[in-house]
Amino acid sequence: MNFETISVIGLGYIGLPTAAVFASRKKKVIGVDVNQHAVDTINKGEIHIVEPELDIVVHAAVTEGYLRATTKPEPADAFLVAVPTPFIHDATGGTHKADLSYIKSASESLASVLKKGDLVVLESTSPVGATEQMAQWLAQARPDLTFPQTHGEASDIRIAHCPERVLPGHVVRELVENDRVIGGMTPKCSEAAKAVYKIFVQGECVITNARTAEMAKLTENSSRDVSIAFANELSVICAKLDINVWELIALANRHPRVNILQPGAGVGGHCIAVDPWFIVDSCPEEARLIRTAREVNDGKPLWVLEQVRAKLEAYHQGHPGATRADITVACLGIAFKPDIDDLRESPALGIAEAVAELGCQVQVVEPNIEALPKRLQGGNVALVSFDEALTQADVICVLVKHKPFIEQADAVRQKASVVDAVGLL
Ligand code: SAJ
18 MNFETISVIG LGYIGLPTAA VFASRKKKVI GVDVNQHAVD TINKGEIHIV
68 EPELDIVVHA AVTEGYLRAT TKPEPADAFL VAVPTPFIHD ATGGTHKADL
118 SYIKSASESL ASVLKKGDLV VLESTSPVGA TEQMAQWLAQ ARPDLTFPQT
168 HGEASDIRIA HCPERVLPGH VVRELVENDR VIGGMTPKCS EAAKAVYKIF
218 VQGECVITNA RTAEMAKLTE NSSRDVSIAF ANELSVICAK LDINVWELIA
268 LANRHPRVNI LQPGAGVGGH CIAVDPWFIV DSCPEEARLI RTAREVNDGK
318 PLWVLEQVRA KLEAYHQGHP GATRADITVA CLGIAFKPDI DDLRESPALG
368 IAEAVAELGC QVQVVEPNIE ALPKRLQGGN VALVSFDEAL TQADVICVLV
418 KHKPFIEQAD AVRQKASVVD AVGLL
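Residue numbering for the sequence shown follows the working numbering, starting at 18 and increasing by one per position.
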């Protein structure tokens, strides 16, 4: 199996680092994306997303001539599909269905350049059955070639699923070091995919079938979601019982077989808050715990907002005649988790927005961004320094446990009115 030219379809948070790491191993890499801006940026040796160390790897890959981006697929020996799989809300039943339209259009467009002997790997996190579906779309587009669903090991094209599992903020290191689960549609498909990943993966490449690989990825993120939901539920219970939940969890975690995660402002990002729904959608009757965990975590920002409202009421009682606009609320952190600039699906961002809608003056302290996102660009929201917020705010909400906040936690402890959603104090 000789994979000299590798094509990565979708140059986002997963596809671009993957393309760059293959290129760093001196493979010819063709990156494909429908976004012309992303393609132009990459071809200049720059990046359109934020991820530590990625700029250096992409710059080297492009300037040394191993990575090139384009909007149209070109022939290659292996194609890795890393496009988004968001969910679609069903307005009637409240279910969340996976949107496979990006996989469909990627398949249809790469099908035109497929040739006998090629490998196609789906990397996008997908509901069980998506790899088989992709194989069908490819077969429909190329009746002149044979595929594993009809010709098994004798097929012209090999197809596999190999889910990405890297942690945002640590992508470049984890891509190389993490183990990979490889699920081929046949054993030969798995072997071909393993040979491709072994070009740069130092972790183990463990082989299974495509459906199990799909479910493994969903299971990993659901497991974390359920664990975080347990911590979030404890935080609500402890507030009612007047117990410090962070002290409680630290105590319980001294048990050798207990490892409770940390409560927070809710679960954000585009993975953990999404993927469990793919399991719920496949097995709505059976996936009771997984659904409830999603609901508990989605409900947490509303609970934090209730705590902020209670502080506002207390302020009004101490300052008769004050209006909402007279109250300054500082929101410490709006990213979806500590020490990154990623605001996508951020519960903290939603809370800051809701506090602004209550009519307060909102001061956002977010050391990882330089300007407020559009959603917060109303008249009553400002991006300020930590010191400014600490001197001016009447109420402080700690929403993300960024490192600079931990270093200045003593200053927050001095303030009278604080909602601490993340255990900073
Ligand atoms: N969070 C808590 N309490 C915790 C841990 C996390 O409230 O104790 C919150 C975070 O603040 C954040 C959310 O959960 O809002 C998710 O953050 P995360 O760091 O747990 O995970 P992600 O979304 O950045 O990345 C996850 C990872 N999956 C697992 O750890 C099982 C990563 O390995 C996956 O590759 C990624 O999803 C993905 O792309 O699917």
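Built from N, CA and C at the ideal position, the CB exists for glycine as well.
Item                                                                                                                              : Value
Alpha-carbon spacing of Thr-229 relative to Glu-191, whole angstroms                                                              : 22 Å
Cβ-Cβ separation, Ile-344 to Gln-378 (assumed contact under 8 Å), whole Å                                                         : 7 Å
Length of the line joining the Cα atoms of Gly-350 and Thr-58                                                                     : 29 Å
Reference His-168, options Leu-268, Gly-186, Lys-205 and Arg-197, closest by Cα                                                   : Lys-205
For Leu-139, the residue or residues it bridges with in DSSP                                                                      : Val-98 and His-178
For His-54 and Ile-66, the rounded distance between their alpha carbons                                                           : 12 Å
Buried or exposed by the 16-neighbour rule on C-beta atoms within 10 Å, applied to His-272                                        : exposed
Beta-carbon gap between Cys-348 and Ala-365 smaller than 9 Å                                                                      : yes
Asn-249 in three-state terms, based on DSSP                                                                                       : helix
Delimiting residues of the alpha helix (DSSP H) encompassing Ala-86                                                               : Note, Ala-86: premise wrong, no alpha helix (DSSP H); beta strand (DSSP E) at 84 to 87.
With 16 other Cβ atoms within 10 Å as the buried cut-off, status of Pro-301                                                       : exposed
Contact check, Gly-201 vs Pro-165, beta carbons under 9 Å                                                                         : yes
Whole-Å CB distance - His-287 paired with Asp-356, under 8 Å assumed                                                              : No, His-287 and Asp-356 are not in contact; Cβ-Cβ is about 18 Å, not under 8 Å.
Bridge partners - Thr-22, DSSP secondary structure assignment                                                                     : Lys-45
Candidates Ala-147, Thr-142 and Val-138, of which the one nearest Tyr-214 by Cα                                                   : Val-138
Length of the line joining the Cα atoms of Ile-176 and Thr-148                                                                    : 8 Å
Inter-stretch contact at 8 Å, needing at least 3 Cβ pairs: the stretch 216 to 236 / the stretch 179 to 193                        : yes
Cutoff 6 Å; reference Lys-121; Cβ partners in own chain excluding five residues on either side                                    : Trp-154
Cβ-heavy atom distance, Arg-311 to ligand 1, below 8 Å                                                                            : no
Contact set for Gln-324: own chain, Cβ-Cβ below 7 Å, skip 5 residues either direction                                             : Val-436
Thr-35, buried or exposed, once every other Cβ within 10 Å from all chains shown has been counted against 16                      : buried
Distance cut-off 8 Å: Val-436 Cβ against heavy atoms of ligand 1                                                                  : no
DSSP three-state assignment for Lys-432, whether helix, strand or coil                                                            : coil
Secondary structure, beta strand (DSSP E): runs of 3+ residues fully inside the stretch 153 to 240                                : 175 to 178, 197 to 201 and 222 to 226
Residue nearest to Leu-33 in terms of C-alpha spacing, selected from Ala-99, Lys-45 and Lys-89                                    : Ala-99
Integer Cβ distance of Ala-269 from Val-275, believed to fall under 8 Å                                                           : 5 Å
Residues that Phe-104 bridges to, as DSSP identifies them                                                                         : Ala-115
Asn-385 CB to nearest heavy atom of ligand 1 below 8 Å                                                                            : no
Cβ-based neighbour list, Gly-63, same chain, cut-off 6 Å, excluding 5 preceding and 5 following                                   : Here residue 63 is Glu; the residue named in the question, Gly, does not match the sequence. Same-chain partners within the cutoff: there are none.
Rounded distance between the beta-carbons of Trp-320 and Val-243, thought under 8 Å                                               : Not quite, the Cβ-Cβ distance comes to about 18 Å (not below 8 Å), so this is no contact.
Contacts around Asn-19, its chain only, beta-carbon distance under 8 Å, and the 5 residues preceding and following it disregarded : Asp-94
Pairwise C-alpha distance: Ser-41 and Gln-78                                                                                      : Inspection of the sequence shows that residue 78 is occupied by Ala rather than by Gln. Taking the straight line from one Cα to the other gives about 6 Å.
For Thr-88 and Val-56, believed in contact at Cβ under 8 Å, the rounded distance                                                  : 6 Å
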